[in-house]
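K.L.:
If you count the sequence shown from 1, position 107 lands on 107 in the numbering used here, and the numbers rise without skipping. All C-beta atoms in this analysis are idealised placements derived from N, C-alpha and C, irrespective of residue type, glycine included. One structure is given below, represented as structure tokens, and several questions about it will come after.
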Amino acid sequence: MKIKTIVTGAAGRMGKQVASALMRESDIQLVGGVDLKNQTLTISSGETDSLLKITTDLPALIAKTHPNVLVDFTHPASVMDNVRCALQSGVRCVVGTTGLLASDFDEIRSLCDAKKVGAVIAPNFAVGAVLLMRFAQIASKYFDNAEIIEMHHDKKVDAPSGTALKTAEFMRHRDQAVQEEIAASLESQPARGDDVGGTRVHSVRLPGLVAHHEVIFGGPGQTLTIRHDSLSRESFMPGVILAVREVMKLDRAVFGLDALLDI
Ligand code: NAD
């Protein structure tokens, strides 16, 4: 039995590439796409081009196609409506959209528990970015001082990136007193970045960039730099496909691709 999948945001930069990637997998069947206007997209799965009909009506598409999984790459303002609609219908979710709030995570957790279905919510589906977070977590045990620079294309709507927020969360066990002292001393210096749980985060937005994260640790006489670059959206596809397969085995929500990897 193939995993019947629909993509919300299917006409977007990520959605189009995700739709193509899903079509290449023999155990996954792409059964529809949703975006803000009805249209037909040409999706290239490498050897062949296929037409994908895009609808604006997610509830009707779910009722018609009975998908197993919804993959969402839309917008922070749209994602929760899509996820609610899917989970309430018992459709599992793979969410790549960033900019969700802590209250959104709580709601997804409750909806999954109520329906006993899985969801994977990940701010970054590139395995290299997951490793960056893990390495930063390890390094933060040994360095009290660190800053994050995240750089993205100029069309990205949220800042800081979901990956930077999650990385800062992983680094939280650094000495809190040191972090509070740094934050207090920088209150009147906006150029020193935003304070995310005691870590300064700097967001750069420029055409030409895709998704880049750098964590710089500093200690007496040394620095340590951990950097990951997504040079194209191809970098996210293996993680999305893994999540579509793994979410079928879950009966709860998991947050971060690391939850599905042996890292
Ligand atoms: P995009 O603007 O190119 O695409 C978003 C698409 O969603 C657009 O086509 C838009 O019309 C559509 N859309 C908006 N509201 C909708 C709704 N209610 N229903 C259906 N479609 C709707 O953006 P993008 O660059 O493809 O990024 C999409 C999201 O994915 C962003 O939040 C971005 O930060 C995130 N992202 C995550 C990862 C990851 O690995 N998790 C990687 C890249 C991008």
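#1: With burial defined as no fewer than 16 other Cβ atoms inside 10 Å of the residue's Cβ, what is the status of THR42: buried or exposed?
#2: Which residue spans inside the stretch 56-83 form an unbroken beta strand (DSSP E) run of at least 3?
#3: Considering only DSSP beta bridges, list what GLN29 is partnered with.
#4: How far does the alpha helix (DSSP H) with ASP264 in it extend, from its first residue to its last?
#5: Could you say which of GLY12, ILE216, LEU52, ARG245 lies nearest to PHE135 if we only look at CA atoms?
#6: May I have the straight-line CA-CA distance separating VAL204 from GLU150, to the nearest angstrom?
#7: Is any heavy atom of the ligand NAD found at a distance shorter than 8 Å from the C-beta of LYS249?
#8: Does the ligand NAD have a heavy atom nearer than 8 Å to the CB of ASN124?
#9: For HIS212, count neighbouring C-beta atoms within 10 Å of its own C-beta (all shown protein chains included) and say buried if the count is 16 or more, exposed if not.
#10: Suppose contacts are defined by Cβ-Cβ distances below 9 Å. Is CYS85 in contact with VAL69 by that definition?
#11: Compute the minimum distance between the beta carbon of MET14 and the heavy atoms of the ligand NAD, and state whether it is under 8 Å.
#12: According to DSSP, is ASP279 helix, strand or coil?
#13: Within 10 Å of its beta-carbon, does ILE263 have 16 or more other beta-carbons around it, so buried, or fewer, so exposed?
#14: Can you find a heavy atom of the ligand NAD that lies under 8 Å from the Cβ of PHE105?
#15: Take MET23 as the anchor and find which of GLY12, LYS2, LYS37 has the nearest alpha-carbon.
#16: Consider the C-beta atom of HIS228 and the heavy atoms of the ligand NAD; say whether any pair is separated by less than 8 Å.
#17: Taking just the CA atoms, how far does ILE54 sit from ASN38?
#18: Reducing DSSP to helix, strand and coil, say where GLU246 ends up.
#19: Of the residues ASN145, ALA259, SER110, which one's Cα is nearest the Cα of ILE182?
#20: Looking at VAL244 and the ligand NAD, is the gap between the Cβ and the nearest heavy atom below 8 Å?
#21: Quick check: is any heavy atom of the ligand NAD less than 8 Å from the C-beta of HIS75?
#22: With DSSP as the reference, label GLN39 as helix, strand or coil.
P.N.:
Short version:
#1: The residue in question, THR42, is exposed, as its Cβ has fewer than 16 Cβ neighbours within 10 Å.
#2: Counting whole runs of 3 or more residues, the stretch 56-83 contains the beta strand (DSSP E) stretches 69-72.
#3: LYS4
#4: Nothing in the structure corresponds to residue 264, since the chain is present only between 1 and 263.
#5: The alpha carbon of PHE135 has as its nearest neighbour, out of GLY12, ILE216, LEU52, ARG245, the alpha carbon of ILE216.
#6: If I take the Cα positions, the gap works out to 6 Å.
#7: Answer for LYS249: no, Cβ out of range of the ligand NAD.
#8: yes
#9: buried
#10: Contact: no.
#11: yes
#12: Only positions 1 to 263 of the chain appear in the structure, and residue 279 is not among them; the question remains open.
#13: exposed
#14: no
#15: LYS2
#16: no
#17: 5 Å
#18: helix
#19: Selected option, being the one with the closest Cα: ASN145.
#20: no
#21: yes
#22: strand
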